[in-house]
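Remember, the working numbering sits 111 above the position in the sequence shown when you count from 1.
One structure below.
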Amino acid sequence: MNFIKRIKSREIALQTIYSWKISNNKNIKYKIKEIKLLINDFKNIDIKYFLKLVTGIIKNKKNINKIIKTYTFNKIKYLGKIEKIILSIAIYEFEKNKFIPYKVIINESVKLAKKFSNLNSYKFINSIIDKIYNSKYKEKKYTPKLTN
């Protein structure tokens, strides 16, 4: 497993989902194809992981949004698209990739926020992901409810 490729996969997944959301295109497969054409550097990402993130987050957006809504105290409508996507990536990784350490998920989410969001959003992202982890995943044996 190449960790650098995973980092890049998260970045491209964030950009793909963001582009899909703002384009109002319902067909994510079309958006993935479009992104693949635009990005000639796909050899430097983990394409399987990228596809798993994008399709998994979109398939499970209702459950993911419910988790975000709970831990942002029903203020999900005030979150920016980038912040929602970053939180979605973290939640999906908690759910589906239990072999990724919690600290890696937080660190990668903070990096995404610093790179793609506003100046201080990384603090908010860090705080919310920490709350989600500590109350939902840390002590409990959690059975995932996500489909992919």
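For each residue, glycine too, the CB sits at the ideal point set by N, CA and C.
Test item: CB-CB of residue i and residue j under 7 Å
i, j, result
"residue 211", "residue 198", "no"
"residue 213", "residue 225", "no"
"residue 230", "residue 125", "no"
"residue 221", "residue 237", "yes"
"residue 227", "residue 193", "yes"
"residue 155", "residue 207", "no"
"residue 175", "residue 202", "yes"
"residue 209", "residue 157", "no"
Where residue i falls, given that 16 or more other Cβ within 10 Å makes a residue buried
i, result
"residue 216", "buried"
"residue 161", "buried"
"residue 171", "buried"
"residue 253", "Confidence is the limiting factor: at residue 253 the pLDDT is only 47, short of 50, which leaves the residue's position unreliable and the question unanswerable from this model."
"residue 200", "buried"
"residue 133", "exposed"
Pairwise C-alpha distance: residue j and residue i
i, j, result
"residue 182", "residue 241", "10 Å"
"residue 128", "residue 185", "22 Å"
"residue 249", "residue 138", "35 Å"
"residue 135", "residue 141", "12 Å"
"residue 121", "residue 196", "10 Å"
"residue 146", "residue 166", "14 Å"
"residue 131", "residue 235", "24 Å"
"residue 204", "residue 243", "12 Å"
"residue 144", "residue 163", "14 Å"
"residue 169", "residue 113", "24 Å"
"residue 189", "residue 177", "14 Å"
"residue 219", "residue 123", "13 Å"
"residue 247", "residue 191", "23 Å"
Min CB distance residue i to chain D below 7 Å
i, result
"residue 143", "Annotation note: the requested chain D is absent from the structure, which comprises a single protein chain."
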